[in-house]
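Numbering (the working numbering), first residue to last: 97 to 222.
Have a look at this one:
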C-alpha cells in the first residue's frame, strides 16, 4: 500500500477514535482537537527517518514498507496512549510520534559502508 493511502486511513481512523464518539458529548471542539492531533501524528511519522535513509526515493519498496509500518505503529501506540491518558489526544499523538521514531530506528537500513560506496568504482572508495 502506498504510504499516502495509509496516511489518509490513519488520519481518518484516529480522528474518529480521538473524538470518542461512543461516550456521548461530541462537539465541534472535540472533533477539531482530534483532527489536529491526528494530523500532528501523521506529519510526525512522515518526518521520522525510515530504515536509516531519511530522504529515500518514494519508489523504493523498502522505504514504502517502513513508512507504512511507522504510520501504523504510531497510530496503535497513540490509541493505547489515549486509553491511558483519557481526554488528551495531543499527548497521545506525541507518544505516537515517539513510537514512529522508534519504529524507524529499529528497522534494518543500509549499512554505513554500503551507503558510502561509489557504484562507479565497483564498491571501492578511491
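Note that beta-carbon positions come from the ideal geometry of N, C-alpha and C, so glycine has one too.
| Asked | Found |
| --- | --- |
| Local Cβ density within 10 Å of residue 120, reported as buried at 16 or more and exposed below that | exposed |
| Continuous alpha helix (DSSP H) stretch holding residue 123: start and end | From DSSP, residue 123 is part of no alpha helix (DSSP H); its letter is neither H nor E. |
| Backbone CA spacing between residue 163 and residue 112 [nearest angstrom] | 22 angstroms |
| Spatial distance of residue 191 from residue 128 (CA atoms) | 19 angstroms |
| Endpoints, alpha helix (DSSP H) assigned at residue 158 | 157 to 180 |
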